[in-house]
Structures are given as structure tokens and as C-alpha cells.
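Chains as they are written, first to last, in our numbering: chain X, 8 to 131; chain G, 8 to 131; chain W, 8 to 131; chain A, 8 to 131.
Heads up, the beta-carbon is just placed ideally off N, CA and C, and yes, glycines get one too.
Input: a single structure, listed below in C-alpha cells.
4 protein chains.
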Amino acid sequence: MNFSENQSIYIQITDYVKDQILLSNWLKEEKIPSVRDLASELQVNPNTVMRAYDILQQEGVIYNKRGIGNHVTSDAPAKILEARKEKFLQSELPAFFKNMLLLGLGIGELEVLYTHFLNEHPKK
Amino acid sequence: MNFSENQSIYIQITDYVKDQILLSNWLKEEKIPSVRDLASELQVNPNTVMRAYDILQQEGVIYNKRGIGNHVTSDAPAKILEARKEKFLQSELPAFFKNMLLLGLGIGELEVLYTHFLNEHPKK
Amino acid sequence: MNFSENQSIYIQITDYVKDQILLSNWLKEEKIPSVRDLASELQVNPNTVMRAYDILQQEGVIYNKRGIGNHVTSDAPAKILEARKEKFLQSELPAFFKNMLLLGLGIGELEVLYTHFLNEHPKK
Amino acid sequence: MNFSENQSIYIQITDYVKDQILLSNWLKEEKIPSVRDLASELQVNPNTVMRAYDILQQEGVIYNKRGIGNHVTSDAPAKILEARKEKFLQSELPAFFKNMLLLGLGIGELEVLYTHFLNEHPKK
DNA sequence: GTGGTCTAGACCACC
DNA sequence: GTGGTCTAGACCACA
């Protein structure tokens with residue numbers, strides 16, 4: 008995995024885990040990779056993975072069974088999706104609209120660009 | 008002004024200055040607020056404003072008349088617009104469309120949200 | 008049984024066993040559940056129960072008859088009660104009183120709360 | 008400061024900070040010691056103090072002014088007191104009453120012990 | 001084997 | 001000066 012320079016690694020790891028869950032690669036109530044395993048897979052220090060797991064636990068996305076490992080909570084996918092939606096509507100959308108105004112882009116032009124985008128990124 | 012937690016303050020200040028120029032609040036060849044004045048207005052350390060002005064100078068958005076102050080360059084609005092457009096098309100737009108897909112949002116719903124936004128942010 | 012997050016499970020198991028003895032659910036010289044049985048009943052790893060039994064043996068609360076199983080010692084209730092009393096008076100009581108002061112709780116209010124508690128936890 | 012063996016150091020540091028606030032040694036909106044300063048004062052690694060400060064930030068007890076340092080929030084004392092009260096009523100009180108029952112201690116005897124305690128710990 | 005804690009030390013962005 | 005991130009490595013409790 009290649010990490011972006013703009014964001015701290017542990018945040019990118021939380022996003023990575025959430026993606027795996029949303030993509031159903033890691034299922035509800037199933038064990039996820041141990042701290043050490045994921046660390047060696049992603050080529051980072053175990054402490055960094057630990058920090059990501061800490062955050063995910065606080066967010067209720069994973070939980071720990073002592074001595075056994077971390078597991079996906081049953082409502083993890085819903086929570087993740089909800090949080091992303093919230094963030095999109097609250098912060099990304101207004102910023103996007105503001106940019107449209109500044110750049111003089113109307114909803115009509117946007118639609119053209121969107122159609123373009125869909126053609127280049129067809130559903131699998 | 009309220010600063011976001013996610014970005015460094017000096018970057019937000021450069022954006023603020025650029026916004027003022029794009030909105031024609033600060034005109035070409037006109038003097039902009041001194042480092043000290045803007046610092047006290049925005050409630051930040053003068054060094055922070057200084058750093059923002061440094062960057063704006065490097066980008067050719069403002070220039071310094073010794074002993075007088077900083078001024079907007081004559082091609083500032085064009086430059087800023089160009090850069091914003093570039094960034095918008097290259098990185099923001101694809102990410103935005105990707106999120107629309109993820110959240111199952113169509114161009115129709117987007118139009119409704121946009122109309123809403125326009126009503127809440129009428130042009131002066 | 009629901010285990011607290013704040014304490015290790017094997018400690019909670021020793022407390023559980025001691026409670027059973029104090030409540031006369033498990034009598035002197037009687038056989039107590041085997042490691043496996045208690046483990047499956049409490050939904051924990053047998054090693055964890057084993058560790059708890061080890062400690063209880065060292066404390067002289069239970070003893071092992073080879074090939075037969077663990078039994079409550081004849082002086083177990085007295086020992087447990089003595090230890091609890093000691094701990095209660097030495098550490099819990101002062102901390103409790105200190106908290107009462109901090110929260111401005113008097114002996115009168117405490118009595119009300121205690122009556123409440125008794126109503127919700129009637130003796131069998 | 009002497010740390011207990013039973014609890015992780017960073018938790019004890021959060022309690023230490025809360026105590027300072029409750030005792031009005033550190034006032035609302037005032038700067039608290041920097042990570043490095045407190046670390047050297049308490050003879051621990053800066054990372055350990057950092058972890059404590061992280062938690063306190065999440066709890067809304069302190070907040071960070073970038074490049075300047077951490078400060079006590081204005082509602083910190085109320086929050087801390089509220090949390091301690093909650094914990095006392097929810098977990099300490101029931102455990103305490105349960106012990107009273109097991110040890111055959113009535114409210115009358117408790118009152119005697121409390122009077123005793125008050126005599127030994129007079130208000131300053 | 002699992003996670004959790006702590007240290008030492010480096011480097012960085014920011015003010 | 002401030003906090004924040006990351007690494008390397010040790011040690012421990014727990015299952």
C-alpha cells in the first residue's frame with residue numbers, strides 16, 4: 008500500500024480498514040488482522056497500526072476480544088456509511104458548491120462532466 | 008474568522024486573501040492590509056500572516072512596495088482562477104463524483120441541493 | 008456472566024468463586040465445577056479458569072483431590088470474609104468516604120440510596 | 008509524583024490534571040504545562056504525557072491552541088465533577104453496598120465509621 | 001499468540 | 001517554543 012504524504016499514516020489505515028469492511032472483504036463479527044500482521048503487511052510500525060485500531064475501537068467499528076484479537080462490530084458498515092454521508096453533506100458539498108460559484112460553473116455543465124465521468128468509470 | 012482544524016492556518020489565510028481578490032473586495036494594484044493589521048483582525052500571530060504573504064508573493068498574487076505595503080498584482084485574479092480551476096478539475100471533481108456514486112446520489116438530487124445552497128448563499 | 012473491562016477475567020473468576028462460597032451456594036468440602044465445565048459455562052478459555060483455580064488453591068480457598076476435582080476447604084468462608092473485611096476497611100472505606108465528601112453526600116442521603124438498593128436487591 | 012502499579016501511567020496523569028483543575032491550581036482558559044515540561048516534572052516519557060493530553064482533549068477537558076499549548080476548557084471543572092459523580096453512583100456505590108451486605112454491615116455501623124473518618128480528616 | 005504500555009529518540013509542521 | 005507523527009525495541013498481562 009502506498010501512503011499519501013498529505014495525511015498521517017494512521018488515519019489512512021483507518022480508512023483502509025473501513026474500505027475493507029465496506030467492500031465486504033472483512034465481514035461482521037469476523038477477526039481482522041492482528042496488529043503485528045497488518046503492520047508487516049503495510050510495512051509500518053506496529054504502534055502505528057495500534058493507533059489506528061484504537062481509533063476504530065472508539066468509533067465502534069471494531070472491538071477487542073482479550074487475548075484473541077480485534078473483530079468487526081455488527082453495525083460497522085452502517086456506521087461507516089453514515090459517517091461518510093454526514094461528512095459529505097456537511098463539509099464537502101458546501102465547499103464544492105462554493106467552488107462552482109467561484110468558477111462560474113453551472114449545474115448544466117456539471118451534468119456534462121458527470122456523464123463523462125460515468126463513461127470512464129463504468130460499474131463493474 | 009474561524010479556522011478549520013484540518014488545515015494549517017497560514018494556508019487558510021492565503022485562501023482567504025485569494026477569495027477577497029476573486030470577489031473583487033481587494034482590487035488589482037491596490038494595497039492590501041498590513042501584516043500586523045490582518046494579524047490582529049484574524050486574531051493570529053503576525054508570523055503566520057507573514058508566512059502566508061510570503062507564499063502569495065512567490066505565487067505572484069501580491070507584490071511588495073518597500074516601505075509602503077503589499078499590493079495585488081494586475082494578473083492576480085486570472086492566476087488564482089486558473090489555479091483553482093486546475094485543482095478543481097484534476098482532483099476535487101473526480102473525488103466528488105466518486106462520493107456521489109458511493110452514496111447513491113444522482114445529478115437530479117444534486118440539483119435540488121444546489122438550489123437550496125443558492126437560496127442560503129445569495130449573491131450580494 | 009458479564010465480565011468487566013477494567014479487570015482481568017481470571018481475577019473476576021476468583022471473585023465469582025468466592026461469592027458462591029460466601030453465599031453458601033458452594034459448601035465446605037464439596038466439589039466445585041471442573042475447569043472445563045466452568046469454562047464452558049462462563050464462556051472463557053479453560054486456561055483462564057485454570058489460572059483462577061491456581062490462585063484460589065494458593066490462597067487456601069480450594070484444594071485438589073487428584074483425579075476427582077477441586078473442593079472448598081473447610082475454612083474457606085472464614086478466610087474469604089476476613090480478607091474482604093480487611094480490604095474493605097483498609098482501602099475501600101476511606102476512598103468511599105473521600106468521594107462522599109467530594110460530592111457533598113451526607114450520611115442521610117446515603118441511607119436513602121441504601122434503602123433503594125435493598126429494595127432492588129432483595130435477599131433470596 | 009509516585010505512580011501506582013495498578014493503573015497505567017497515562018491514566019494516572021489524566022487524573023492528576025483533573026485534580027489540578029478541581030483544586031483550582033490550573034484555571035479555566037489558562038495554559039497548562041507543555042508536554043515536555045510535565046514529562047520532565049513527572050519523570051516520564053513525553054509520549055506518555057502526550058497520550059494523557061490526547062484523552063483529555065477527547066473528553067473536552069483541555070483544548071489545543073496550535074503552536075502555543077494546551078488550555079483548560081471553560082466547562083472543564085463541571086465536566087470532571089459530573090463524570091466523577093456519574094461513576095460514583097453507577098459503579099462504586101452498588102459495589103460498596105454489595106460489600107456491606109456480604110460483610111453484614113448495617114447503615115448504623117457505617118455512620119459510626121463515617122463520624123470516625125470525619126474526625127480524622129477535618130476540613131481545612 | 002493477542003493487545004497494551006512505556007521508553008528513547010528522531011523529524012516535522014506550526015506559531 | 002509548541003504539539004504531532006513515526007520508528008525501534010523492550011516488557012508485560014492475558015488467553
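Bridge-paired residues (DSSP) for residue i
i              : result
H78 of chain A : A:K38 and A:Y70
Start and end residues, alpha helix (DSSP H) containing residue i
i               : result
E12 of chain X  : It is not in any alpha helix (DSSP H) - E12 of chain X carries neither H nor E in the DSSP assignment.
V56 of chain X  : P53 to Q65
L88 of chain X  : A83 to K94
E127 of chain A : I114 to E127
L100 of chain X : L100 to L109
Q19 of chain W  : I16 to L29
Beta-carbon neighbours of residue i, restricted to chain X and to distances below 7 Å
i               : result
L49 of chain G  : The contacting residues do not exist; L49 of chain G stays about 19 Å from chain X at best.
P129 of chain G : Within 7 Å Cβ-Cβ: nothing; P129 of chain G doesn't reach chain X, min ~11 Å.
E118 of chain G : I114
Chain G contact residues for residue i, given Cβ-Cβ distances below 8 Å
i               : result
Y121 of chain X : F104, M107 and I114
Where residue i meets chain W, residues with beta-carbon distance less than 8 Å
i              : result
K92 of chain A : L110
Chain-ordered neighbours of residue i on chain X, where CB pairs are closer than 9 Å
i               : result
P101 of chain G : F124 and H128
Residues that residue i contacts on chain A, provided the C-beta gap is smaller than 9 Å
i              : result
E36 of chain W : Result: empty, since nearest Cβ-Cβ is about 22 Å, beyond 9 Å.
Neighbouring residues, chain W, relative to residue i (Cβ below 7 Å)
i              : result
F95 of chain A : N106 and L110
Near the ligand SAH: residue i beta-carbon under 7 Å from a heavy atom
i              : result
F10 of chain G : Because no ligand of any kind appears in the structure shown, any question about the ligand SAH cannot be addressed here.
**Message:** With three or more beta-carbon pairs closer than 8 Å as the criterion, would you say the stretch 38-51 of chain G touches the stretch 88-101 of chain G?
**Reply:** At 8 Å Cβ cutoff, the stretches do not touch.
**Prompt:** Given a limit of 9 Å on CB to CB distance, which residues of the stretch 13-31 of chain G reach chain A?
**Reply:** Cβ contacts with chain A: S15 and I16.
**Prompt:** Are three or more beta carbon pairs between the stretch 54-72 of chain A and the stretch 15-34 of chain A nearer than 8 Å?
**Reply:** A contact exists between the stretch 54-72 of chain A and the stretch 15-34 of chain A.
**Request:** Examine the Cβ distances between the stretch 63-82 of chain W and the stretch 106-115 of chain W and report whether three or more of them are shorter than 8 Å.
**Result:** With a cut-off of 8 Å, the stretch 106-115 of chain W and the stretch 63-82 of chain W do not count as touching, because too few Cβ pairs lie within range.
**Message:** Between the stretch 76-87 of chain A and the stretch 19-32 of chain A, can you find at least three pairs of beta-carbon atoms closer than 8 Å?
**Reply:** Output reads yes: the stretch 76-87 of chain A touches the stretch 19-32 of chain A.
**Prompt:** When Cβ atoms are compared, which residues of the stretch 69-84 of chain X fall closer than 8 Å to chain W?
**Reply:** Within the stretch 69-84 of chain X, the residues whose Cβ lies closer than 8 Å to some Cβ of chain W are R73 and G74, listed in chain order.
**Asked** Three or more C-beta pairs closer than 8 Å, one from the stretch 120-129 of chain W and one from the stretch 32-51 of chain A: is that the case here?
**Response** No, the stretch 120-129 of chain W is not in contact with the stretch 32-51 of chain A.
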